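Participant: All the letters of the first sequence, read from the start, carry residue numbers 139 to 425 under the working numbering.
Got a structure for you, written out below as structure tokens; questions coming shortly.
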Amino acid sequence: MPELPEVETVRRGLEPALKGARLTRVVANRADLRFAFPEGFVQRLTGASVIELKRRAKYLLAPLDRGDTLVMHLGMTGRFDIEGADKQERPGVFHYAAPANPKHAHVVFETDRGCRITFYDPRRFGFMDLIATEAVEAHPWFAKMGPEPLGPEFGAGRLIQMFKGRKQGPKTLLLDQRTVAGLGNIYVCEALHRAHISPLKPSGGVKKAKLKALAVAVKEVLAEAVEAGGSSISDYAGAGGELGYFQHSFRVYDREGEACPTKGCKGTIERIVQAGRSTFFCRVCQT
DNA sequence: CCCACGACCTGTGGGC
DNA sequence: TGCCCACAGGTCGTGG
């Protein structure tokens, strides 16, 4: 599922169940996800209390009262299901169209508030680690990470700085978490379309006016998606229509062959492959 | 520095 | 129905 809006949606869904809760029981059903769990993973978590649940880019961070921070990444197919008391506080987030396959239930957390949270991840591109809280910022995952796109440190200036003189295409630069942290394939396609920037041209040649539009487009598309509860592509459907429906608002992603939605544009959405990943765009209005 | 590409892993959907 | 291939939201590493 997860780019920034989806991870933020998950964070908001889990927060009522985890914030301030003590982990009374933790089970790891295997020794690794993408990476091996750290030494003593289960023991270090069991009995600890979660101070808060934060997000940085696509990572979830749960600082614990013991000085460690539980760092979690959903990879491509990571998903949390929640059962028990705290589920009621945020209906919708965990109402999936299809039940999770129990064979992919890799980690289970139970809390002192009578809640069970299960992490499922069929492809196991997700991962979890425990990092000393004061060392999180310096950790390689975070040290070179760019600004949060929805925060004040990100704006046209950042894009102008990062795009200057670069031959790489804008998609590559936006997917690079050092430029700005939290975008993935979908929202990059959407932002470039909104800003009318061609994914085929070198980044260094994009005019400043367009980079200003791009910064606005990035913020807008992410904010709208967060507001919609993220996007649900294949395995997940929001309940009650209030969560996880942003996929209906995609202008180009997965819309190959459809008419370009730009006002007055007669183009058709194309799909091409760049760096092994699909790019959806309109070659008429993205120049 | 810049690409293109493959690797990691499993599931799903389309075409035949 | 079954089979095979292409493809999937992310990240990391290699080699030219």
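Cβ atoms here follow ideal geometry from the backbone N, Cα and C, with glycine treated the same way.
Only a predicted model underlies this, so the values are computations on that prediction, with no experimental measurement involved.
With distance defined between alpha-carbon atoms, name the residue in 166, 149, 388 and 391 nearest to residue 267.
Facilitator: Closest option to residue 267, Cα to Cα, is 166.
Participant: Between the alpha carbons of residue 149 and residue 396, how many angstroms are there, rounded?
Facilitator: Their Cα atoms are separated by approximately 34 Å.
Participant: From what residue to what residue does the beta strand (DSSP E) around residue 412 run?
Facilitator: Residues 408 to 412.
Participant: Round the Cβ separation of residue 421 and residue 405 to the nearest angstrom and send it over; I've been treating them as touching at under 8 Å.
Facilitator: With 8 Å as the limit, residue 421 and residue 405 qualify as a contact, their Cβ atoms being about 7 Å apart.
Participant: Could you give the DSSP three-state label for residue 305: helix, strand or coil?
Facilitator: Residue 305 falls in the coil class under three-state DSSP.
Participant: From what residue to what residue does the beta strand (DSSP E) around residue 197 run?
Facilitator: Its beta strand (DSSP E) spans residues 197 to 201.
Participant: Output yes or no for whether 8 Å exceeds the beta carbon distance between residue 156 and residue 202.
Facilitator: No, the Cβ-Cβ distance between residue 156 and residue 202 is not below 8 Å.
Participant: Quick one: Cα of residue 315 to Cα of residue 283, how far?
Facilitator: Rounded to whole angstroms, residue 315 to residue 283 spans 6 Å at the Cα level.
Participant: Looking at residue 269: is its Cβ nearer than 8 Å to the Cβ of residue 206?
Facilitator: Yes, Cβ-Cβ distance for residue 269 and residue 206 is below 8 Å.
Participant: Terminal residues of the continuous beta strand (DSSP E) containing residue 141?
Facilitator: Here residue 141 belongs to no beta strand (DSSP E), and DSSP marks it neither H nor E.
Participant: Check residue 232 in the structure and name its three-state DSSP category.
Facilitator: Only weak support exists for where residue 232 lies, its pLDDT of 45 falling under 50; the value from the coordinates is given anyway. It is coil, neither helix nor strand.
Participant: Taking just the CA atoms, how far does residue 215 sit from residue 423?
Facilitator: If I take the Cα positions, the gap works out to 33 Å.
Participant: Counting Cβ pairs closer than 8 Å, one from the segment 385 to 399 and one from the segment 292 to 301, do we hit at least three?
Facilitator: Counting Cβ pairs under 8 Å, fewer than three are found: no touch.
Participant: Just list the residues that DSSP pairs residue 221 with in beta bridges.
Facilitator: Answer by DSSP bridge pairing, in chain order: 254.
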